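Student: Here it is, the structure, as structure tokens.
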Amino acid sequence: MQLSNIQIDVESDPDGAIAATIADRLIEALRQNVPPNDGAPLVLLARRGTAIVGGLVGATSYGWLLVKILWVQQEMRCHGLGTSLMTKAEALARLRGCHGAWLDTSSVDAERFYARLGYTPFGVLQNLGGELPPGHRRAFLAKRLA
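Numbering-wise (numbering that gives the first Met the number 0), the sequence shown opens with residue 0 and increments by one.
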């Protein structure tokens, strides 16, 4: 195949449909791997009445839980809800046969929170002098699930 007839464009994707299509095609291709991808989404919601006050979005695959998003409403923070969401996600991951969990964050406060839960850093992306935004840092953390 030649690339001469391929056009690459920047696309607007306000509803995320294009990104979802690309992700679905990648997952389909990964299912052809040996061993096949056993990826499964994991979504937890915390509600007070009908109001969503927290949630976790992640996935399990190849024995690992990936925590993509953890959010707790500001006034619900520091009351154990984030810990409860993480504990529940880790328990579900164990039931799915996972031996570890990993995540990334650019928040120093979140990094300290995850460290209290037993997560340790395995990598860091740090902007150097003159790079924008100045001082930005993303930490990657992991935890072995007992």
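Glycine included, each C-beta is placed from N, C-alpha and C at the ideal position.
Treat the numbers as computed from the prediction; the structure is a model and nothing was measured.
Under 8 Å by Cβ, that's how I've got H98 and L144 pegged, so tell me the actual separation to the nearest angstrom.
Tutor: With 8 Å as the limit, H98 and L144 qualify as a contact, their Cβ atoms being about 6 Å apart.
Student: Can you tell which of A100, Q125, G48 and L44 has its C-alpha closest to the C-alpha of V71?
Tutor: Nearest option by C-alpha distance: L44.
Student: Look up S60 in the DSSP assignment and say whether it is helix, strand or coil.
Tutor: Note: S60 maps to strand in three-state DSSP.
Student: For G117, tell me which candidate among I68, N126, K67 and E89 has the shortest Cα-Cα distance.
Tutor: For the residues I68, N126, K67 and E89, the minimum Cα distance to G117 belongs to E89.
Student: Tell me whether R95 sits in a helix, a strand or coil according to DSSP, three-state version.
Tutor: DSSP places R95 in coil when its eight states are reduced to three.
Student: Is it the case that the stretch 52-59 contacts the stretch 26-43, given that we only count it when at least three CB pairs across the two stretches are under 8 Å?
Tutor: Short answer: they touch.
Student: According to DSSP, D103 sits in a beta bridge with which residue or residues?
Tutor: In the DSSP output, where bridge partners are listed per residue, D103 has F139.
Student: Comparing C-alpha positions only, which one of G129, N126, L140 and P13 sits nearest to E110?
Tutor: Residue L140 is the option with its Cα nearest to E110.
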